[in-house]
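Engineer: Residue numbers (the numbering used here): 95 to 443. Take this structure, written in structure tokens, and hold onto it; I'll ask about it next.
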Ligand code: TLP
């Protein structure tokens, strides 16, 4: 039996249509700009988010770092959330490789940073200070619960950034989930930012790759940064072919993942000792905690679900967990996963 893998949407494997497209893909050397399938993917991606150009990169982490390198110089300062993926989970590349000063502000439960806090964080022109250069936003916001941040917030940050001559980058690893949850076009969000990265390899199921999108000029700088980071790939059309299928076939269906996440959250809420507010689940990320009153240790829950029921969930420290729905998690598998949770957490009832 295949496992029910809820650790992340990154674990989703490519669809049959993707594998077929990969086998047929026309390829060339993309470092030389010769790969027709990569070019097609990049044009499609740029069009989707309403930008002039898009660059195919191996991962979301590289997309964000290439964006930093393209926007900022050494010693510049970047304003970003203290719960942002770039600050917390990208191996400190911002400092180690870009030489950029991270200026973190508290993320609110809705995934935003308070606009007045951002304004107050912008440095005056004084040789004592680093130069404020960019603002990083994230949508959906992963750690804040997979919440979708509406376009109006992006509009306010844009106005503030323009007043101070700052650029805005969006880590939109799951920006199509955000648009689906908000029932808006993705361009309603991306129109307010200078650059956006999004991932093909999460809910969209492609085996690898992200797109970094912005102006032609930004694209040229990002392409140089990608080369410096070792992210120039040769016959990358094999991967891009799966990405094209992802954009054509997997975006519209993300609402199904959100519905399954809601069912999972609702089912978990009915199990005594599981702490979760199903109303707070907006997309495909389900965060929950185990009350200390439950006589099951967190590591035992993870281990028994896996060993006895083939259900994998993410452990987030302490009593906290994350379960993520994606294409390979159907409404049936959600029910099976819930039965496993019940078997471990309420064996005598
Ligand atoms: N997130 C992964 C882990 O790294 C935590 C996950 O399982 O959710 N931005 C955001 C908002 C992300 O959630 C991720 C991956 C990335 C960037 C990085 O993407 P990759 O893994 O392609 O480098």
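Every residue, glycine too, gets a C-beta built ideally from N, C-alpha and C. Please read these numbers as outputs of a predicted model, since none were measured by experiment.
Is residue 237 closer than 8 Å to residue 182 when the C-beta atoms are compared?
Structural biologist: Yes, they are a contact pair.
Engineer: Measure the Cβ-Cβ separation of residue 232 and residue 265 and say whether it is below 8 Å.
Structural biologist: Their beta carbons are under 8 Å apart, which means residue 232 touches residue 265 by this criterion.
Engineer: Look up residue 198 in the DSSP assignment and give the residues it is bridged to.
Structural biologist: In DSSP, residue 198 forms a bridge with 174.
Engineer: Can you tell me whether residue 168 is buried or exposed? The criterion is at least 16 other CB atoms within 10 Å of its CB, across all chains shown.
Structural biologist: Classification for residue 168: exposed.
Engineer: Which runs of the beta strand (DSSP E) at least 3 residues long sit entirely within the segment 115-178? Give them in chain order.
Structural biologist: The segment 115-178 contains these whole beta strand (DSSP E) runs: 147-151, 171-175.
Engineer: For residue 253, which residues in the same chain have their Cβ closer than 7 Å to its Cβ, ignoring the five residues on either side in sequence?
Structural biologist: Cβ within range, chain order: n/a, list empty.
Engineer: What are the uninterrupted segments assigned as beta strand (DSSP E) that are 3 or more residues long and contained completely in the segment 218-271, given in chain order?
Structural biologist: Fully enclosed beta strand (DSSP E) runs of 3 or longer: 226-232, 261-265.
Engineer: Straight-line CA distance for residue 123 to residue 424?
Structural biologist: Whole-angstrom Cα-Cα distance: 38 Å.
Engineer: Can you tell me where the beta strand (DSSP E) with residue 290 in it begins and where it stops?
Structural biologist: Taken as a continuous stretch (DSSP letters only), the beta strand (DSSP E) holding residue 290 covers 289-293.
Engineer: Taking just the CA atoms, how far does residue 235 sit from residue 322?
Structural biologist: Between residue 322 and residue 235, the C-alpha separation is close to 28 Å.
Engineer: For the 8 Å Cβ check, are there 3 or more pairs between the segment 158-167 and the segment 129-141?
Structural biologist: Taking 8 Å as the limit for Cβ pairs, the verdict is that the segment 129-141 does not touch the segment 158-167.
Engineer: If you drop the 5 nearest sequence neighbours on each side, which residues of the same chain put their C-beta closer than 7 Å to that of residue 430?
Structural biologist: Contacts found: 98.
Engineer: Where residue 362 and residue 355 are concerned, what is the direct C-alpha to C-alpha distance, given to the nearest angstrom?
Structural biologist: Distance between the alpha carbons of residue 362 and residue 355: 10 Å.
Engineer: Work out the CA separation of residue 416 and residue 100 for me, nearest whole Å.
Structural biologist: Near 8 Å, if we compare the C-alpha coordinates of residue 416 and residue 100.
Engineer: Comparing C-alpha positions only, which one of 305, 211, 406 sits nearest to residue 135?
Structural biologist: Among 305, 211, 406, the Cα nearest to that of residue 135 belongs to 305.
Engineer: Give a yes or no on whether the C-beta atoms belonging to residue 274 and residue 349 are separated by under 8 Å.
Structural biologist: Yes, the pair counts as a contact, with Cβ atoms nearer than the cut-off.
Engineer: Measuring CA to CA, which of 378, 438, 441 is closest to residue 421?
Structural biologist: Ranking the options by Cα distance to residue 421, first place goes to 378.
Engineer: Is residue 274 helix, strand or coil by DSSP?
Structural biologist: Helix at residue 274.
Engineer: Following a CB-centred definition, is residue 267 positioned closer than 7 Å to any heavy atom of the ligand TLP?
Structural biologist: Residue 267 Cβ: within cutoff of the ligand TLP.
Engineer: Quick check for students: name the residue ranges of the alpha helix (DSSP H) that lie wholly in the segment 321-398, counting only runs of 4 or more.
Structural biologist: Listed in chain order, they are 331-339, 348-363.
Engineer: Any idea if residue 334 is buried or exposed, counting beta-carbon neighbours within 10 angstroms, 16 or more meaning buried?
Structural biologist: By the 10 Å Cβ count, residue 334 comes out buried.
Engineer: Whose CA, out of 223, 188, 189, 244, lies closest to the CA of residue 204?
Structural biologist: Checking every option, the nearest Cα to that of residue 204 belongs to 244.
Engineer: From the DSSP output, which residues share a beta bridge with residue 307?
Structural biologist: 148, 290, per the DSSP bridge assignment.
Engineer: When every heavy atom of the ligand TLP is checked, does at least one fall within less than 7 Å of the C-beta of residue 154?
Structural biologist: Yes, since a heavy atom of the ligand TLP falls inside the 7 Å radius drawn around the Cβ of residue 154.
Engineer: Indicate, with yes or no, if the ligand TLP has a heavy atom lying under 7 Å from the CB of residue 104.
Structural biologist: True, at least one ligand heavy atom lies under 7 Å from that Cβ.
Engineer: Quick one: Cα of residue 207 to Cα of residue 120, how far?
Structural biologist: Answer to the nearest angstrom: the Cα atoms are 44 Å apart.
Engineer: When you compare only the Cα positions, how much space is there between residue 446 and residue 209?
Structural biologist: Absent from the structure is residue 446, since the part of the chain shown begins at 95 and ends at 443.
Engineer: Going by CA-CA distance only, name the one from 216, 250, 133 that's closest to residue 147.
Structural biologist: When only C-alpha atoms are compared, the closest one is 133.
Engineer: Name the residue from 174, 191, 329 whose alpha carbon lies nearest to the alpha carbon of residue 450.
Structural biologist: Residue 450 lies beyond the residue range present for the chain, which begins at 95 and ends at 443; the question has no answer from this structure.
Engineer: Flag this pair as yes or no: are the beta carbons of residue 384 and residue 438 separated by less than 8 Å?
Structural biologist: Going by C-beta atoms, residue 384 is not nearer than 8 Å to residue 438.
Engineer: Return the residue from the list 271, 172, 218 that minimises the CA-CA distance to residue 189.
Structural biologist: Of 271, 172, 218, the residue nearest in Cα terms is 172.
Engineer: Give me the residue from 158, 113, 295, 257 with the minimum Cα distance to residue 312.
Structural biologist: Minimum Cα distance to residue 312 is reached at 158.
Engineer: Taking three-plus beta-carbon pairs below 8 Å as touching, is the segment 403-416 in contact with the segment 325-345?
Structural biologist: Contact fails: fewer than three Cβ-Cβ distances are below 8 Å.
Engineer: Roughly how many whole angstroms lie between the Cα atoms of residue 295 and residue 251?
Structural biologist: Whole-angstrom Cα-Cα distance: 28 Å.
Engineer: Just the Cα atoms here: how many angstroms apart are residue 373 and residue 365?
Structural biologist: Their Cα atoms are separated by approximately 16 Å.
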